[in-house]
Amino acid sequence: MAVDFAQIKKLGRQIYGISLVKTLLSFLIAFEILVIYLLILSATLGLGQVYNLYALNIFIFRESIDTTMLRSTVSLSIPIMITAVGATFNERAGVINIGLEGILIWSAWFSVFISYTTGNVWLATLGGIFAGALLGFFHAVSTITFKAEQVVTGVAINLLALGVTEVLNRAIWEPARSAQVESFSPVDITKIPFIGDLYSLLILSNYYDVPGIGGVLRWLPDIFNALNRHNPLVYIAILFVPISHFFLFKTKYGLRIRVIGEHPQAAATAGVNVRLYQYFAVTLSGALGGLGGTILSIGVSNKFISGMTGGKGFLALAAMIFGKWTVIGGALASVLFGFFFAFGINLSAGGIKGFVVPIEFYQMIPFIVTILALAGVIGRARAPKSIGIPYSEDEE
Amino acid sequence: MSLNIGALAADSRRRRILVLAVSFGLSFLAMIVLILILNILGTNVDIFLVMDKTFFEPLREPKMVALIFFWTAPLILTGLSVAIAFKAGLFNIGSQGQMMVGGAAAGIFASNIVPKIQALQFMNTPLLMIPTTMLVGVLGGLIWGGIPGVLKAKTGAHEVIVTIMMNQIALSFVRYLVVSQTYSPFVDKSTGDAYGQTSAISKSAEIPLINSSFSTFLDWSIVPTILSAIIIWYLVEKTRYGYRLRAVGENISAAKSSGINTNFAIISSMMISGGLAGLAGALQVQGNYHKYIFNSEGTLGFDGIAVALVAGNSALWIILSALLFGYLKQGSLNLESSTDISKFLIFTLQSALIIFIAAPLISSKLVSFTEKISRSRNVENAVNGTRQDLGGGIGGEDTEGGEK
Amino acid sequence: MSFELHKNEILGIAGVQGNGQSELVSSIIGMEKIRDGYVAILESEKATVLNNLSIMERLKYAISYIPEDRNKEGMIPNFSVSENIWLAYHDLETEAEIATGETQQKSFLSILTIPINLLGKLARLVIDRFSVKTPSSETKMKNLSGGNQQKVIVGREIMKNPRVLVINQPTRGVDIGVMQKIHEEIIKLRNSGTGVLLVSSDLDEVLTLSDRLLVMYSGKIVAEGTIEEIGMGRLSHLMIGGKEEEA
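Protein chains in written order, with my numbering: chain B, 2 to 397; chain V, 265 to 668; chain R, -16 to 230.
Here's what the structure looks like:
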């Protein structure tokens, strides 16, 4: 039975239907819904001042493009983003990995541990990536070789990671938090010779004093400024996005992975070692998740605190679904989630004068959005056809 | 996609018990490995002390044994919650959040709503308050479980992720209700240090202790708990509803083409599941704490998963399974209070157990291996016996024992 | 496409697998939604359109269905034989309902009961009449041979004495003896008034059993009539997509 790779490619293009206009439109709609949500909350809870819709829109917009806010968005979305990219790999290969949260927890902890014992942040990063890959590999063994129910194993990995990190943490330091360890310092791109000067040109705040244009520029998001001065891992992670996209969609290895997720028998007949590729995809996704966890603990912060992952692993899964199982889509969705997180922290700290909505309602937003995404409110998407089904050679 | 929890689908009861035993053994081994790692890392852990504190101490004093029963009650309910969802082919991880919402609802109802509204004062008697508060808890959990159920039935949204999200939302929402000193009307502001709890519930809603001189923990909430187990058992095994539920869980296509209303099965089972967890929350409030305390659930919701799996999702076996895990929980608490080892060690054991039960190939490969050895030994004997009878000359060593 | 199934007839659909037969059957029974057109039951001048009815409601109109893949859709391997038989009767309360085929309006509380005696009787009836080889009615379905499994599934549907029987692959994976028995029973059912819609990839089976034929290709009906009217040669020609030539 000849494999129609051409047809599979056409299928891929149908799924990879991200148009820029649609994305922009959805961002706008999402923004407006957010504003309305907050308005209703402030009105019903009767706390603080209730603004009208127009005024609230202006205030919230101004807060959203605030550079500090954007910078937090970047810090918060990157861990989700890299994990979502990883998830795209294993789901495309037909394996569900719910254990991403566990991978984040475990790699966050392990990288802190390595940093603690060696004092070297780069070793710690390698440690974190390795830790993630290990857990990914473990998931692969259980589900691919031992054919366990993928969802159950994933949940168990989450619980396992939770338990093991607690036990180890309490024994070494104290319950629920670690000591402070060596972490990454921010990198200022503008200080890099040659590239730095080019980069400075793109930073809008440098032009704020220019008469005329300066006023207009203040109403635009200063994106490149916000992308500056993060820890180096962030930049590495961002690089992984186009690399992964290229690998998954433009190389024959990526194609093989995608075929395995749709129709493993076809791939096997074409001579592809299904098991090997699945193992690779799942372990890779663990490694990428490991990078994400490392960023959480020693990139953005400098210690491990119990619960610091706060559901980001699940949000990565949601981002991937939101992004219709494409790398770019998942990345964009992760930015959206990061924005919601940053938004909550910023606004509840008193961003808008007199406007009071308790922080918990901001915290809920990413999770509510995830549910809406899963329920298909934001457009149906199709998972790889053969997902979740353990592949066995002796199936007809 | 119907859940295929391998170990539970094993053929004979004997095999099932064997696989369970091996799974326990392997998980136990994993726990030992963790202890060894701790030792390597420098914390000196006396393995014998760990074993003693965790496994033997809970059985020594009657007060400890009473505590085991104390933990068993909520575990029965969360176990039932997870189990009935499993019966319908759904994986409900949301029992943690459902318990939280149920408990918070019951707590707020009994501490803030009834005492403060004049019109409702007629309810302030135990006869009315106790069941009503329980009902409020059930309703809270029912709604919290029903939402993922409806989403699964109508949109196919995967219940695992949705219930996890609901857990997180519950965490935030209940936090606002009970911890947010400045903003929530329900928080106990009387005692300056009272962080994250409602004020005490009305005395009429409290569930009394069975025998205060024997134990200050055991209360009558064990009664609705056991009753729930019996009712759920009957519902699942002996009613038409249960039959349809099980059919949906086993093979949803076959159920659908037989005209069974699969949406109803999915939604109702999630509601019942949530309601059970909510009841657990309410009973903790009414019987134990007499107020709702934020995060008092601990890991009870997740423990329910292990309880259900070990019991094979069978309502009556869950009672025993809950007893086992209650015993383990008390052990873990002993461990934490007298050593540097976190109670999460047992949590780790439970998680490993879930993996081994869900991937029974690991355990059952071991079991099959031993069976194969004994079977081939029998065949060998038979062949040798026949060879002797015929005076030699049968195929020799390459006579295989007809294995599939 | 448009066709009618009459009482006392076996209408066979001849066609190579994958040309739309399964989809047709699925949409009649309600497993798939009908996007265009309608399915209706006609009885003594009154027509009832089935499009918007749920599967359960359609089954109440005395339509029985035997799916093509017994493992995926027809049975529940972990349930016992009698529990599998019950799949066809699970909304019934009394013997009277089975006999007359009329279901009474039940209270919601009926979901709390199972008429155990009825269940046992039904199981015995099916097992005996169809000679199902099983140690007991409580044996798990997965322990039966494929042929016996098929007999249980076919048996429970035929015992309902439906007005319409839709079968897809009645004898897939069964031996000669079972095949003969099933064919016997289908013919008996037809004689007693049922209209049978038969889909099978076994052309011999279709030709042997059917009174009339529909030939399907690529989702359309390309011929209709008895085998004499269509002619063997033309039949095979049409089944593989050959176009009609001008005579």
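We put the CB at the ideal spot given by N, CA and C, even for glycine.
Note that the structure is predicted; figures quoted are calculated from it, not measured.
Residue j beta carbon less than 9 Å from that of residue i
{"i": "I12/R", "j": "S521/V", "result": "yes"}
{"i": "T563/V", "j": "V309/V", "result": "no"}
{"i": "I610/V", "j": "L592/V", "result": "yes"}
{"i": "S560/V", "j": "A464/V", "result": "no"}
{"i": "L580/V", "j": "I524/V", "result": "no"}
{"i": "G294/B", "j": "L160/B", "result": "no"}
{"i": "M534/V", "j": "G413/V", "result": "yes"}
Test: residue i CB closer than 9 Å to a CB of chain B
{"i": "D316/V", "result": "no"}
{"i": "M265/V", "result": "Legend: pLDDT at M265/V = 32, less than 50; position of this residue unreliable, no value from coordinates given."}
{"i": "D604/V", "result": "yes"}
Simplified DSSP state of residue i, which is helix, strand or coil
{"i": "S175/R", "result": "coil"}
{"i": "N131/R", "result": "helix"}
{"i": "T31/R", "result": "strand"}
{"i": "K116/R", "result": "coil"}
{"i": "A546/V", "result": "helix"}
{"i": "K123/R", "result": "strand"}
{"i": "H422/V", "result": "coil"}
{"i": "R178/B", "result": "strand"}
{"i": "G456/V", "result": "Its pLDDT being 47, under 50, G456/V is placed unreliably by the model, and the measurement read from it follows with that caveat. It is coil, neither helix nor strand."}
{"i": "K203/R", "result": "strand"}
{"i": "L29/B", "result": "helix"}
{"i": "L(-6)/R", "result": "strand"}
{"i": "N151/R", "result": "strand"}
CB contact check: residue i to chain R, cutoff 9 Å
{"i": "N577/V", "result": "no"}
{"i": "N701/V", "result": "As displayed, chain V neither begins before 265 nor continues past 668, which places residue 701/V out of reach and without an answer."}
{"i": "N525/V", "result": "yes"}
CB contact below 9 Å: residue i versus chain V
{"i": "P359/B", "result": "yes"}
{"i": "T371/B", "result": "yes"}
{"i": "N2/R", "result": "no"}
{"i": "E(-8)/R", "result": "no"}
{"i": "S55/R", "result": "Rather than Ser, the amino acid found at residue 55/R in this sequence is Lys. It does; some Cβ of chain V falls within 9 Å."}
{"i": "M309/B", "result": "no"}
{"i": "W87/B", "result": "Per the sequence presented here, residue 87/B reads as Gly, with Trp not at that position. Closer than 9 Å: no."}
{"i": "R41/R", "result": "yes"}
{"i": "M14/R", "result": "yes"}
{"i": "G339/B", "result": "no"}
{"i": "K386/B", "result": "no"}
{"i": "M58/R", "result": "yes"}
{"i": "L181/R", "result": "no"}
{"i": "Y344/B", "result": "Contrary to the premise, residue 344/B reads as Phe rather than Tyr in this sequence. So no, F344/B is outside the interface."}
{"i": "N174/R", "result": "no"}
Cβ-heavy atom distance, residue i to the ligand ATP, below 8 Å
{"i": "R195/R", "result": "No copy of the ligand ATP appears in this structure; indeed no ligand is present at all."}
Outcome for residue i when other beta-carbon atoms lying within 10 angstroms are tallied against a minimum of 16
{"i": "G409/V", "result": "buried"}
{"i": "H231/B", "result": "buried"}
{"i": "T191/R", "result": "exposed"}
{"i": "T69/B", "result": "exposed"}
{"i": "L29/B", "result": "exposed"}
{"i": "Y498/V", "result": "exposed"}
{"i": "E102/B", "result": "buried"}
{"i": "I37/B", "result": "exposed"}
{"i": "M364/V", "result": "buried"}
{"i": "S186/B", "result": "exposed"}
{"i": "G216/B", "result": "exposed"}
{"i": "D198/B", "result": "exposed"}
Subject >> Selection of the stretch 487 to 507 of chain V by Cβ proximity to chain D, strictly under 7 Å >> reply: Absent from the structure: chain D. Protein chains present are B, V and R.
Original post:
Which residues, in chain order, does the stretch 509 to 523 of chain V contribute to contact with chain R at a C-beta distance below 9 Å?
Top reply: Against chain R - using a Cβ distance shorter than 9 Å - the residues of the stretch 509 to 523 of chain V are R510, A511, E514, N515, S517, A518, A519, K520, S521, S522 and G523.
**OP:** Give, in chain order, every residue of the stretch 90 to 106 of chain R whose Cβ lies closer than 8 Å to some Cβ of chain V.
**Re:** Cβ contacts with chain V: S93, I94, L95, T96 and I97.
**OP:** May I ask you to list, following chain order, the residues of the stretch 154 to 172 of chain B that have a beta carbon less than 9 Å from some beta carbon of chain V?
**Re:** Of all residues in the stretch 154 to 172 of chain B, only T154, G155, V156, A157, I158, N159, L160, L161, A162, L163, G164, V165, T166, E167, V168, L169, N170, R171 and A172 place a beta-carbon less than 9 Å from a beta-carbon of chain V.
**OP:** Would you list, in chain order, the members of the stretch 339 to 370 of chain V that have their beta-carbon closer than 7 Å to a beta-carbon of chain B?
**Re:** Within the stretch 339 to 370 of chain V, the qualifying residues are F355 and I357.
**OP:** Closer than 7 Å, Cβ to Cβ, to anything on chain B: give me those residues from the stretch 406 to 435 of chain V, in chain order.
**Re:** Cβ contacts with chain B come from L415, T419, A421, H422, V424, I425, V426, I428, M429, Q432 and I433.
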